[in-house]
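Only one structure is covered here, and it is reproduced in the block below.
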C-alpha cells in the first residue's frame with residue numbers, strides 16, 4: 001500500500017521537493033511544519049537506531065568487542081560527522097557495493113535455509129532452546145502488545161519516500177524510471193522481509209529487548225546475538241565465511257543508512273531556516289560549503305537517545321497520502337463540473 005501510494009506521489013509531483021514542500025504547498029503551512037518536524041526527529045532517530053544496530057551486528061560476530069559497545073557507537077557517529085563536515089561527496093558506486101552484497105548474501109541465506117528446511121535438515125538457532133518469562137496480560141495490555149509489534153514491523157517501510165524525493169535525479173523519462181525503481185525496491189524489501197520472517201519461525205529464534213528475560217540465557221556474561229546473526233549462524237554455521245559476510249554487509253548497510261541522514265537533515269534544516277521556522281544558523285554554510293551547524297546538531301542529538309522511531313516516521317506519509325486523496329477529490333469535482341456543463 002505504501003509503495004503504491006508513493007508511486008502515485010511520484011506522478012503527482014515529478015519535481016520532487018520532499019514531503020515538507022508537498023504538505024506545505026497543498027495542505028497549508030501548519031501541515032508542512034508538522035511533516036518537517038517529524039522528518040527532523042526521524043533523521044535523528046535514523047542515526048541512533050542505525051548506529052546502534054550496526055554495532056550490535058558487529059558485536060554479534062565479534063563478541064569480544066562487547067565491553068566497548070558505547071565507544072564503538074560514539075566513534076562511528078564522530079567519523080560520520082567528520083567525513084560529512086569535510087564535504088566528501090558520496091561515491092554512488094562505492095556506496096552501492098555493500099548494498100548489493102547485503103541483498104545477495106541475505107538472499108543466499110534465505111534460499112539455503114528454506115532448502116535445508118524442505119530437505120529435513122532444519123537449521124536451528126542458538127536461542128531455540130531458550131524460553132521467555134511468561135507474564136499474565138490483561139486484554140488492554142494484549143492490544144498494546146499487538147500495536148507494538150505492528151509498529152516495530154513497520155520500520156521496514158522506512159526509506160520508501162527517498163525515491164519520491166529524488167525524482168529530478170533520475171534519467172529521462174524521470175517519472176517512469178523513478179516509479180520502476182520504487183516498485184523494484186519495494187519488491188526486494190517484501191521478499192527479504194518475508195524470507196527472514198519465515199527463517200526466524202523455522203529456526204525457532206528467540207530475541208528479547210531485555211536478554212535477562214530469556215530463560216536459560218546467561219545475560220550477565222554473554223551479549224545477545226542479533227536476529228540476523230542467529231539466523232545466519234543457524235543457516236551457515238557460526239564460524240563460516242558466509243556468516244561473517246552477512247554480518248559485515250548488514251553492519252555496512254546500517255552505517256550507510258545513518259550516513260544518508262547527514263544529507264537530508266542539514267538540507268531540510270536549511271529550508272526551514274529559509275522559511276523562518278528554524279534558526280537562521282542552520283542555513284549557514286561552512287568552509288566546505290556544507291551546512292555545518294545542521295550536521296553537528298544531527299551528530300550530537302542521537303548520542304543520548306533511546307531508539308523509538310515509529311511515530312515520526314508515519315507522520316510524513318500519512319499527510320502525503322492525505323494530499324493525494326485531496327487531489328483525487330478535486331480532480332473528480334472538476335470532472336463532475338465539466339460533465340454538468342456538457343463539456
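Numbering (the numbering used here), first residue to last: 1 to 343.
We treat Cβ as the ideally placed atom computed from N, Cα and C, and that holds for glycine.
Here the structure is a predicted model, which means the values were calculated and not measured.
Counting only runs that start and end inside the stretch 240-308, there is no beta strand (DSSP E) element of at least 3 residues. Residue 193 is classed as exposed because its beta carbon has fewer than 16 other beta carbons within 10 Å across all chains shown. Beta-bridge partners assigned by DSSP to residue 215: 131. Residue 253 and residue 52 have their alpha carbons spaced roughly 12 Å apart. Of the other Cβ atoms in all chains shown, 16 or more fall within 10 Å of the Cβ of residue 24; this residue is therefore buried.
For residue 173 and residue 44, the gap between their C-alpha atoms comes out near 34 Å. Straight across, the Cα-Cα distance linking residue 200 with residue 227 is about 8 Å. The beta-carbon separation of residue 101 and residue 196, rounded to 16 Å, does not stay under the 8 Å limit for a contact.
Membership of residue 193 in the alpha helix (DSSP H) is indicated by the continuous run 174-203. Contact check for residue 256 and residue 95: beta-carbon distance about 6 Å, within the 8 Å limit, so the pair qualifies. Annotated three-state conformation of residue 19 is helix, per DSSP. In the DSSP assignment, residue 75 falls within the unbroken alpha helix (DSSP H) covering 69-85. By the Cβ test, the stretch 269-279 is not in contact with the stretch 238-253, since fewer than three Cβ pairs between them sit closer than 8 Å.
Linking residue 178 to residue 167 through their CA atoms gives a straight-line distance of about 6 Å.
Of all alpha-carbon atoms in 283, 202 and 184, the one lying nearest the alpha-carbon of residue 115 is that of 202.
Taken through DSSP and simplified to helix, strand or coil, residue 100 comes out as helix.
Excluding the 5 residues flanking it on each side, residue 130 has same chain C-beta neighbours closer than 8 Å at 206, 214, 215, 216 and 217, in chain order. Residue 263 has its alpha-carbon roughly 13 Å from the corresponding atom of residue 86.
Under a 10 Å Cβ-count criterion, residue 184 is classified as exposed, with fewer than 16 other Cβ atoms of the shown protein chains found around its own Cβ.
DSSP places residue 220 in no alpha helix (DSSP H); its state is neither H nor E. In the DSSP annotation of this structure, the continuous segment of the alpha helix (DSSP H) that includes residue 60 starts and ends at 29-61.
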